[in-house]
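Asker:
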Amino acid sequence: MSPVLELSGLSWSVGAATIVDGIELAVEEGEFVAVIGPNGAGKTSLFNLVSGITRPTGGTVRLDGADITGLPPHRRARRGLGRTFQSSSVFPTMTVAGHVALAARAAGAKRVAEDGEGVRAVLERVRLARRAGDLAGGLSHGDKRKLELAVLLAPTLAQGGSGPSPGGPRLMLLDEPMAGVAAEEVGELTDVIRTLHRTEGRTVLMVEHHMDILLGLADRVAVMHHGTLLATGTPDAVMADPTVQEAYVGEEL
Ligand SMILES: Nc1ncnc2c1ncn2[C@@H]1O[C@H](COP(=O)(O)OP(=O)(O)OP(=O)(O)O)[C@@H](O)[C@H]1O
1 MSPVLELSGL SWSVGAATIV DGIELAVEEG EFVAVIGPNG AGKTSLFNLV
51 SGITRPTGGT VRLDGADITG LPPHRRARRG LGRTFQSSSV FPTMTVAGHV
101 ALAARAAGAK RVAEDGEGVR AVLERVRLAR RAGDLAGGLS HGDKRKLELA
151 VLLAPTLAQG GSGPSPGGPR LMLLDEPMAG VAAEEVGELT DVIRTLHRTE
201 GRTVLMVEHH MDILLGLADR VAVMHHGTLL ATGTPDAVMA DPTVQEAYVG
251 EEL
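Under the UniProt record's numbering, the first residue of the sequence shown is numbered 1, with each subsequent residue one higher.
1. Within 10 angstroms of the Cβ of G160, are there 16 or more other Cβ atoms? Answer buried if so, exposed if not.
2. Within its chain, find whatever has a CB closer than 7 Å to the CB of L152; leave out the 5 residues flanking it on each side and keep chain order.
3. What residues in its chain sit with their C-beta under 8 Å from that of V27, if we drop five residues either side in the sequence?
4. For ligand 1, I want to know if K43 counts as a neighbour, meaning its beta carbon is within less than 8 Å of at least one of the ligand's heavy atoms.
5. Bridge partners for S13 per DSSP, in chain order?
6. Is it right to say E184 is buried, meaning 16 or more other beta carbons lie within 10 angstroms of its own, or is it exposed?
7. Could you tell me if H99 is buried or exposed, where buried requires 16 or more neighbouring beta carbons within 10 angstroms of its beta carbon?
8. If contacts are defined as beta-carbon pairs under 8 Å, then P155 and A104 qualify, I think. What distance do you get, rounded to the angstrom?
9. How do the stretch 11-21 and the stretch 56-66 stand: do at least 3 beta-carbon pairs fall below 8 Å, yes or no?
10. DSSP has L81 in a bridge; who is on the other side?
11. For A113, which option in L128, R125, G133 and R127 has the closest C-alpha, if you only look at C-alpha atoms?
12. For V238, count neighbouring Cβ atoms within 10 angstroms of its own Cβ and tell me buried if that reaches 16, exposed if not.
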């Protein structure tokens with residue numbers, strides 16, 4: 001069986017600067033791979049290439065064995081690739097339930113009521129049902145992150161209809177979901193992400209700076225440095241790797 005995601009020689013240059021440099025990475029079905037690396041290593045740039053926001057200057061991206069290198073982001077989404085962003089992307093004056101209903105309709109769901117069972121069920125999966133009627137602008141950072149996950153799951157509501165990717169994304173790219181989240185909210189957000197991975201069986205590729213969060217969450221860690229993949233391995237193996245420690249000199253691993 002092909003890996004869910006396969007990156008071969010994936011590269012991106014801007015002028016003379018090579019920002020992503022020959023990445024080789026295969027992510028298997030149901031795997032949780034964390035991408036770490038010092039500031040400016042190229043992690044977000046790599047996510048932009050995988051989700052189709054930027055076109056690589058070299059190499060290929062394969063999803064379920066099919067070459068999707070030339071596909072725009074919405075067509076990748078239809079094939080089951082979902083992505084969240086480093087900075088929060090909610091609409092402050094729209095309700096929490098409104099976000100889910102809107103995303104479900106965009107995915108082809110018919111007759112989605114904001115106060116209906118379907119929207120509530122999606123919000124329960126990210127532990128946000130109690131805030132369904134509240135405006136997104138009033139949510140804590142942790143709850144905004146959960147709402148972004150609910151928006152990723154909303155295409156589930158198109159199930160049975162003509163909507164694309166009825167089960168929601170099988171591959172989720174999460175770009176620093178803990179950024180800006182208060183320490184007391186990190187545990188619950190980690191639990192939500194763990195459930196989406198372990199219980200629902202989704203494949204996850206996640207950028208995260210804090211190794212303590214990744215221990216117990218990630219099967220494998222991929223370390224980026226200056227645009228290249230410096231090492232991949234279990235969290236413990238990567239932390240013990242002297243080349244990784246060297247790349248992080250002056251920064252916390
Ligand atoms: N559009 C662009 N044009 C030129 N340089 C860019 C562009 N986008 C990113 N860069 C540069 O590429 C490098 C990698 O940036 P990127 O944001 O991918 O790193 P990162 O590992 O995600 O960093 P951080 O951990 O700080 O978020 C940086 O030096 C950045 O300045």
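Glycine included, C-beta positions come from ideal geometry on N, C-alpha and C.
Every value quoted in this text rests on a predicted model; they were computed, and no experiment measured them.
Answerer: Well, looking at it:
1. In this prediction, G160 has a pLDDT of 48, which is less than 50 and means its spatial position is unreliable; what the coordinates show is noted afterwards. G160 comes out exposed.
2. G82, T84, G168, P169 and M172
3. P3, V4, L5, E6, V33, L171, T203 and L205
4. yes
5. T18
6. exposed
7. buried
8. 7 Å
9. yes
10. Partner residues in the beta bridge of L81, as assigned by DSSP, are L171.
11. G133
12. buried
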